[in-house]
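*Asks:* Structure below; questions to follow.
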Amino acid sequence: MPKLTRKLIEALIPAEAEFCVWDSLVTGFGVRVRPGGGRSYVLFYRLGGRFRKLTLGKADGGYGLDEARARAIEKL
1135 MPKLTRKLIE ALIPAEAEFC VWDSLVTGFG VRVRPGGGRS YVLFYRLGGR
1185 FRKLTLGKAD GGYGLDEARA RAIEKL
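With the sequence shown counted from 1, adding 1134 to any position gets you this note's numbering.
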């Protein structure tokens, strides 16, 4: 798992299927890349024995990586 950086996120190439790249600093935090090229910050966590997914915001503009990482830590 690499440390997510703005440069890494911009270099991700969309595939035929959706995929996530996980951050090495915050467990469960990553970037989801959709086939159409859309990128979103996501947080996967467990609550009450069930897995949950929270979309934190779009990674392609407007929402900074540091802000998304801080929000993920806050939610954990």
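By construction, the Cβ of each residue, glycine as well, lies at the ideal position given by its N, Cα and C atoms.
Assuming contact is defined by CB atoms lying nearer than 8 Å, are residue 1169 and residue 1150 in contact in what I supplied?
*Replies:* Yes, the Cβ-Cβ distance between residue 1169 and residue 1150 is below 8 Å.
*Asks:* Please confirm whether residue 1199 and residue 1179 have their CB atoms less than 8 Å apart.
*Replies:* In this structure, residue 1179 does not lie closer than 8 Å to residue 1199 by Cβ.
*Asks:* Can you name the start and end residues of the beta strand (DSSP E) that residue 1142 belongs to?
*Replies:* No beta strand (DSSP E) contains residue 1142, which is instead part of the alpha helix (DSSP H) from 1140-1145.
*Asks:* Could you give the distance in angstroms between the alpha-carbon of residue 1142 and the alpha-carbon of residue 1177?
*Replies:* Their Cα atoms are separated by approximately 18 Å.
*Asks:* For a test of your reading of the model: does the CB of residue 1174 fall under 7 Å from any non-hydrogen atom of the ligand ADP? Yes or no.
*Replies:* For the ligand ADP, the structure offers nothing, since it holds no ligand at all.
*Asks:* Nearest to residue 1181 by CA position, among 1172, 1162, 1195, 1201, is which residue?
*Replies:* Residue 1181 has its Cα closest to that of 1162, out of 1172, 1162, 1195, 1201.
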